[in-house]
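Residue numbers (the working numbering): 1 to 234. Virtual Cβ for every residue (Gly too), placed ideally from N, Cα, C. Since the structure comes first, as structure tokens, the remarks are kept for the end.
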């Protein structure tokens with residue numbers, strides 16, 4: 001259902017309301033005018049009748065009684081019309097509440113549909129370094145500081161930018177591990193924290209955690225992992 005349908009139906013109903021109220025109020029005002037005139041006429045006739053009445057116990061003339069009955073009916077009709085007008089306004093208010101609630105639901109449903117239609121955010125695929133050239137290019141890049149940043153640290157930095165008040169942990173043991181994420185280092189764990197790349201192009205492991213190889217900062221010059229050093233000595 002389109003939101004325009006509910007909105008147009010609501011506006012059409014409200015456009016008719018002023019005319020109905022205007023008609024009812026005009027009828028009430030006209031009857032009030034007639035009641036006032038009739039009341040004055042009754043008062044005049046009653047005064048003349050009482051002034052010339054020879055016997056106080058005699059009943060009033062039929063003409064006066066008919067005027068009283070007509071006045072009573074005008075009053076009852078006005079009360080009925082006022083009640084009808086009140087109920088009319090009350091029905092419009094209830095319908096307005098229902099239409100507004102439906103209109104709000106349609107707007108929310110449209111908002112949810114728009115969000116659902118948005119393409120999901122794509123994350124860059126994780127790539128494992130495969131050559132000495134790629135490692136050297138990273139080490140010589142002035143954007144890099146003392147150490148190569150792992151994907152975990154990059155993700156943590158992004159979360160920190162989005163919500164700077166929330167503390168972020170880069171400890172690999174505190175984070176859920178993706179079973180499809182590649183493992184590195186002598187510990188055979190996923191990348192986290194500061195890591196260093198082995199300069200042996202044939203190194204089967206390639207990347208190592210600082211703490212696992214006894215480093216506290218990025219080494220100067222070429223660096224070889226303990227396994228490659230051991231193999232070279234053979």
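Check	Outcome
Which listed residue (108, 200, 202 and 212) has its alpha carbon closest to that of residue 190	212
For residue 24 and residue 85, believed in contact at Cβ under 8 Å, the rounded distance	4 Å
Beta strand (DSSP E) segment containing residue 194, residue limits	194 to 197
Local conformation of residue 224 per DSSP, three classes	coil
For residue 209, the residue or residues it bridges with in DSSP	195
Beta-ladder partner(s) of residue 189, from DSSP	184
Rounded separation between residue 21 and residue 33 - CA only	18 Å
Any 3 or more C-beta pairs closer than 8 Å across the region 223 to 230 and the region 197 to 206	yes
Cα-Cα separation between residue 57 and residue 50, rounded to whole angstroms	11 Å
Reduced DSSP category for residue 18 - H, G, I as helix; E, B as strand; rest coil	helix
Residue 89 versus 195, 17, 205 and 192, residue with shortest Cα-Cα distance	17
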